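Going down the list, the sequences are from chains A, B, C and D. 0 is the number of the first residue of the first sequence in numbering that gives the first Met the number 0; add one for each residue after it. 0 is the number of the first residue of the second sequence in numbering that gives the first Met the number 0; add one for each residue after it. 0 is the number of the first residue of the third sequence in numbering that gives the first Met the number 0; add one for each residue after it. 0 is the number of the first residue of the fourth sequence in numbering that gives the first Met the number 0; add one for each residue after it. Even glycine gets a Cβ: it sits at the ideal position worked out from N, Cα and C. These numbers were taken from a predicted model, which means no experiment stands behind them. A quick write-up on the structure given underneath.
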Amino acid sequence: MWKFIVRRLVITFPQLILLSVLIFLLAQAMPGDALTGLVDPNIDPETIEEQREKLGLNKPWYEKYIDWVGGVVQGDFGQSFRYKMPVTDLIEERIVNTFWLSVTALIFTYIIAVPLGMISGRYNDTILDSSIAGYTYIGFATPLFIFALVLLWIFGFHFQWFPTGGSVAPGLEPGTLEYVMSRIQHLILPALSIAIIQTVSTVQYLRSEIVDTKQKDFVITARAKGASESRVYNRHILRNSLLPIAAFFGYEITMLITGTIFVEQIFSFPGMGQLFIESVLQRDFSVVNAVVLLFGAAAILGALLSDIILSMVDPRIRIK
Amino acid sequence: MELDKKETQSQQNMEHNSTGLRILWTELVRDKLALVSLIMLIVIVVFVYGISFVMDQDEIVKVDLFSIHEPPSKEFILGTDYGGRDVFGQLIIGTRNSLSIGFIVTFLSGVIGVIFGLVAGYFGGHIDNILMRVLDFFQVLPFIMLVIVFVSIVPNYTIVAFSLIFTAFSWMGIARLIRSKALQEKELDYVQASKTLGTSHFKIIFREVMPNISSLIIVTMTLNLASNIGLESGLSFLGFGFPESTPSLGTLLSYATNPQTLENRWWIWVPAAVMILVLMLAVRNVGEALRRATDARQRKG
Amino acid sequence: MNRKLLEVKNLKTSFYINDGYYAAVDDVTLTVNENEILGIVGESGSGKSALAFSVMGLHTRAKMEGNIFFNGKDIVNVSKADLNKMRGNEMAMIFQDPLTALNPLMEIGAQISETFILHRPNMTKKIRKDRVIELLKMVGIPRPEYVYSQFPHELSGGMRQRVIIAIAIANQPKLLIADEPTTALDVTIQAQILDLIRELKETIESGVILITHDLGVVAEMADRVAVMYAGQIVEIANVYTLFKRPLHPYTRSLLHSMPTGGQDKLHVINGIVPSLKHLPRKGCRFAHRIPWMGAETHEENPILHEVEPGHYVRCTCYKNFSFQEDESKEA
Amino acid sequence: MSILEVTNLKIHFPIKTGLFNRTVNHIKAVDGVSFQIEQGKTYGLVGESGSGKSTIGRGVIGLEKITSGKVIFNGVDITSKNSNRKEIRKNLQMIFQDPYSSLNPRKRILDIIAEPLRNFEKLTKKEEIKRVEELLELVGLSKENMMKYPHQFSGGQRQRIGVARAIALKPKLIIADEPVSALDVSVQAQVLNFLQDIQKELGLTYLFISHDLGIVKHFCDEISIMYKGRYVEQGTIEEIFNNPQHIYTKRLISAIPDMNPSNRDKQFRLRKKVQQEFDQRYHDYFDSEGLAYGLKSVSETHLVALQEDVEKVW
């Protein structure tokens, strides 16, 4: 297992480096640099040139890359020229919001997906299974943003059960119960829309995993031992099919990222996704770079985490 | 039992493989839902491309400040948007554009993915190892973000540029699938036999192996078409799809980010939403029916 | 004469394929006595495994008609709960493919213990473990204490088959069904496993149904042999009788086509085993594969009948059957 | 004259582990094997799974990379870089184990059989069809079958189509890798008879790879027994079956089920005896790594892998 994990880590590092190079190159291709946002356009070119030299902007690209990576490692993503403040500060509060949104969405996903997948796998080709299949069928075809819009329309505007924007009602004191409740209320609708749509693939995955396992020979062995159907199901089929699901959530991070970009935009939720779209539109590229780098790294580390979990729960990898 | 099962299975596999395309077709026609979907798709395609041929696109996207946000009427079947532009016209043009981009991207990413997958799977070993690391990297990246970043920094942004960017980040799924199938396929004796008969690698890959996975390619590309239409409309919705002058289904939906429009002017966004749903369901129905046809196990239930 | 242990009467097991039910096992009648090995031979598609699965009640989607009496109960009509009490306890099965028949995520010890948990619920944990290790020793697995906590993928095919046998004999079943237990194994391992099955049968004194496509295995192992063709039994006899005086044309053709050394040319059986959907449902099912014998020599509705004590044959065509080569030599 | 001469053939597969896919060890699938086959004879390679018998065949025909050793086919060293690959390919063909997967399900019988012709001979469409017709006739199938697809044939027929493809270029040597082990007994007989017939007709030489001693005994002139990549014993059919010298050969032969039920107890006792000898005298037959020793000759044609001084003990 350790060998596997180390090997997996060895693959991860180049991925991270490649990601940073990619983003750095993108940054180079982007119009403007660290100075663009800072300087007054009326200052004469010579002074600007001086500044550039001082900030190291005239160095060859690889030195710039090393400077940049050095900064990133210390948590310095540069300055936002839109907000005239360090990107790190800008991201800080947003990232907390997005984190909670993702966690909530993930919890919803598992609450919905695991039971549905189990039911539809165990009772495959019954009415129960078909109705769940109906849900996955619609869910697969519905783009997240349309679904979120409809939810917002119905539950936000029409019934007004949930707030239609923001992450917390204004004027509440942090730390109070009301504040927490308000935050939760703001999370539910966006998280639910991500969960209901993203769940679809998890349900299908679990279902087919169970249906596959059902046809394995060792299930017949278990029956031949005299195990009852429910024991066969719980001890042999379910245990074996849930295993890959346990490791699935790391991979869901990539899906969550996509989800938050749409959902935060639609529910005006002040998170990383919204920040990303805003910054791209306002050409605030230092922020864009930071967000892409963080999300990209999260996705890479998520995949790593999944594989490590899998290697720990599966004896075929654990014992070699 | 095992032996018998394997034997009949391999016999069945061979049977459906050999006349794969024909079976795909009969299965598609037998599946009522898929047949209806297919007919509907054809009607939409013919209608949309036909009408947009006669329709004057410039006329539609021209801003008319005297007829802003008009509800459906005789003059404007589906009303007008914030620029007084005819929503119905935009819907037609948008559907056409979304479909076109869907077809182009699906085709391009299909070609790249199939070649990549076949090469990696067939040669295996070091080549496969390297190619798969590349693929892993691309696949783990957040697709939407990178497309958005690229779209925003490309200098003269056109539909071609958009298709290429889109394609660059969407070939991995099919490549992985084809590769795993090619890995299995190349172990089969008919590939070994071709090698001993002096057939070149190139011929073996494209003349021997590829025909045997053609149904998988067709199925995957059909299903990809659906998801590409969805992704394109999502990008347009966020404002990073087509250039402003070319409407897409997502563009119409993006008007709904305005709460006023979302709440009170359904005619602007609901038709586009319904159109996307219909397109995606129809394409998926066809794709799923094709997949059922190729997947003998699923057919047995 | 030993007591009857299992009695199968006019069993018909059908599967639903595309448009209707097709019988994989058709009108099978046989008995297994205590402490004997009944060999069932047949080629692929003969229905021999479907028969074994029927006896164990393992078919989930099949339609079963007729009776299978075991220990006073009819397995065809018994309740699920009663069936589960019998399986793994009074009757047990050894499977063909040791690589897939064990749960890959469960320790070997746990997989064997499960049979005790199910049928000996009062056994303490400690005793259970001792029994499992004893069983592992009995089936010839070295270092049983260590193997106890290993996973299937750490063992070789032969070792895994021994584990499967350990599971089967754990509760000393009265009836043991071995479905092609050595087909997936190498010859030397096959010999070991077969010898093991024979020795175990002596110790636990059970009846054994040994299903195989290999006539040699039958010759070495069985007391009586049933030959299956296209879902039916065409001949049953004592093993010595069957190999010395086979009657049914199929049995004789099969024996002739085995390379035993010495022959110049092997006998070839014409045609192929018909698939389940295309079985001739009337008359002698082997009729069309004997080109030199006309249809008139076959019975319209052949039934398995006794030609001498303990020797049963289906169809009377054997009376007219001789090999073409022999005929041409005579002519 | 020997048509194939293999000298000290080694085929090792690297085992890669560690961080950078370093090669840490080798699986010695074939570890120093030498043999020769006379023109028109059938040479049998026997062993259990993992013995390396198939790897030899695949190495000779070029499907597996040869680590070291010499393979001289028809007087030409085919391991050397400058040998004429094309000419070798033409004269060296293979029959595969699985009749279901060895024919491309998407191709018509015509295209399957014509594949080698198209690669090596420039024939017109008409000539090509005529050649395929002849080949089909040779393997006992009518020419109407040309436009059919593989799934329309039974296992035995498919195997004959595979043979037709292999003999299309009139090769000198055919490597038959378990050609009947995927077939039922009754069909096995059919294919084996047929292989013997065309051998006489075309003067073919076979390298026959099998795990089934019964079939080998029936089919081959000379055989060798393999164990873990090495030869254990080599000789004529009579020598191997009537006078086996190595414990592994004895074990293998005693494991063949006897078709006469009256012999079963004798067989059972024989196996027990062989097992005893195997346990007691293991180190006389296998070295410290559990591999066979080098070959020593017992007679002109009979070679056994024994330790140098074991004869004295004997």
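Q. According to the Cβ coordinates, are G258(A) and N96(A) closer than 8 Å?
A. No.
Q.
Looking at the secondary structure, which residues open and close the alpha helix (DSSP H) in which A297(A) lies?
A. Note, A297(A): alpha helix (DSSP H), F284 to V312.
(Q) Distance check for S310(A) and L10(C), CA to CA, integer angstroms please. (A) C-alpha separation (whole angstroms): 48 Å.
Q: Compute the Euclidean distance between the alpha carbons of H15(B) and F239(B), then round it to the nearest angstrom.
A: Note that H15(B) has pLDDT 41, beneath the 50 cutoff, so the model's placement of it is unreliable and the number below is only indicative. About 43 Å.
Q. Distance, Cα to Cα, R6(A) vs N223(B)?
A. Per the coordinates, the alpha-carbon of R6(A) lies some 32 Å from the alpha-carbon of N223(B).
Q) What residues in the stretch 181-205 of chain C have a beta carbon less than 7 Å from any beta carbon of chain D? A) Contacts with chain D (Cβ-Cβ distance below 7 Å) from the stretch 181-205 of chain C involve D185, V186, T187, Q189, A190 and D194, listed in chain order.
Q | the stretch 286-304 of chain A: positions lying closer than 7 Å to chain B by Cβ | A | If the cut-off is 7 Å between Cβ atoms, the stretch 286-304 of chain A has V287, V291, F294, G295, A298, I299 and A302 near chain B.
Q. Chain B partners of F95(D), CB-CB under 8 Å?
A. Chain B residues near F95(D): D188, Q191 and A192.
Q.
Just verifying my parser: in three-state terms, what is the DSSP assignment at G68(D)?
A. Strand at G68(D).
Q.
Does any residue of chain A have a CB that is nearer than 8 Å to the CB of E329(C)?
A. At E329(C) the pLDDT is 47, less than 50, meaning the model places this residue with poor confidence and gives no usable figure here.
Q.
Quick check: is any heavy atom of the ligand NAD less than 7 Å from the C-beta of E263(A)?
A. What this structure holds is no ligand at all, so the ligand NAD is not there to describe.
Q. Around the C-beta of Q89(B), are 16 or more other C-beta atoms found within 10 angstroms, so that it is buried, or is it exposed?
A. Counting Cβ neighbours within 10 Å, Q89(B) comes out buried, since at least 16 surround it.
Q) Just to confirm, are E114(D) and T198(B) a CB contact at a threshold of 8 Å? A) Result yes, Cβ atoms of E114(D) and T198(B) sit closer than 8 Å.
(Q) 8 Å is my cut-off, CB to CB: does P243(A) come that close to chain C? (A) Closer than 8 Å: no.
Q. Taking Cβ positions, are F95(D) and D188(B) nearer each other than 8 Å?
A. Taking the C-beta atoms as reference points, D188(B) is found nearer than 8 Å to F95(D).
Q) Looking only at DSSP bridge pairs, what is G38(C) linked to? A) Secondary-structure assignment with DSSP links G38(C) through a beta bridge to L209(C) and V224(C).
Q.
Give me, in chain order, the residues of the same chain whose beta-carbon lies closer than 6 Å to that of K52(D); leave out the 5 immediate sequence neighbours on both sides.
A. Hits under 6 Å: L44, G46, I208 and M225.
Q: Consider the Cβ of V312(D): report whether some Cβ of chain C lies at a distance smaller than 8 Å.
A: Its pLDDT being 45, under 50, V312(D) is placed unreliably by the model, and the measurement read from it follows with that caveat. Cβ-Cβ to chain C under 8 Å: no for V312(D).
Q.
Quick check: what's the CA-CA separation for I110(A) versus V190(B)?
A. Straight-line Cα distance between these residues: approximately 47 Å.
**Q.** S223(D), DSSP secondary structure in three states
**A.** Reduced to three states, the DSSP call for S223(D) is strand.
Q. Is it right to say P290(C) is buried, meaning 16 or more other beta carbons lie within 10 angstroms of its own, or is it exposed?
A. Classification for P290(C): exposed.
Q) Going straight from the alpha carbon of A245(A) to that of T46(A), what length do you get? A) Cα to Cα, A245(A) sits roughly 58 Å from T46(A).
Q) What do you reckon, are the CB atoms on P141(B) and I256(A) nearer than 8 Å? A) Yes, these two residues count as a Cβ contact at 8 Å.
**Q.** L5(C) - containing beta strand (DSSP E), residue span
**A.** Counting along the chain, the unbroken beta strand (DSSP E) around L5(C) starts and ends at K3 to I16.
Q: Report all residues from its chain with a CB closer than 8 Å to the CB of I147(B); omit the five preceding and five following residues, and keep chain order.
A: Taken in chain order, the residues that qualify are L234, L237 and F239.
**Q.** Spatially closest choice to Q197(A) from T87(A), I94(A), N288(A) and T108(A), by CA coordinates
**A.** It is T108(A) whose Cα lies nearest to the Cα of Q197(A).
Q | Ranges of the alpha helix (DSSP H) found wholly within the stretch 184-223 of chain D, counting only runs of at least 4 | A | Segments of the alpha helix (DSSP H) lying fully in the stretch 184-223 of chain D: 184-201 and 212-218.
**Q.** Enclosing alpha helix (DSSP H) for Y250(A) [first to last residue]
**A.** That run of the alpha helix (DSSP H) goes F248 to I265.
Q.
Assuming F69(C) is part of the alpha helix (DSSP H), what are its boundary residues?
A. Taken as a continuous stretch (DSSP letters only), F69(C) belongs to no alpha helix (DSSP H), being part of the beta strand (DSSP E) at K62 to F69.
Q: Check whether the Cβ of H217(D) lies closer than 8 Å to any Cβ atom in chain C.
A: Contact with chain C is found for H217(D), since one of that chain's Cβ atoms lies less than 8 Å from the residue's Cβ.
Q. Going along chain D, which residues have a C-beta under 7 Å from E219(C)?
A. Within 7 Å Cβ-Cβ: P256, D257, R263 and Q266.
Q. Anyone know if the C-beta pair for P242(B) and V86(B) falls short of 8 Å?
A. Result no, Cβ atoms of P242(B) and V86(B) do not sit closer than 8 Å.
(Q) Is it buried or exposed, T157(B), if we count other Cβ atoms within 10 angstroms and call 16 or more buried? (A) So T157(B) ends up on the exposed side.
Q. To which residues of the same chain is I302(C) closer than 7 Å at the C-beta, ignoring the five residues directly before and after it?
A. These residues qualify, in order along the chain: R313.
Q: Could you check what DSSP says for C31(D) in three-state terms: helix, strand or coil?
A: Per the sequence presented here, residue 31(D) reads as Gly, with Cys not at that position. Reduced to three states, the DSSP call for G31(D) is strand.
Q: May I ask you to list the residues that DSSP assigns as paired with K9(D)?
A: DSSP, once it has assigned bridges, lists D30(D) and S67(D) as partnering K9(D).
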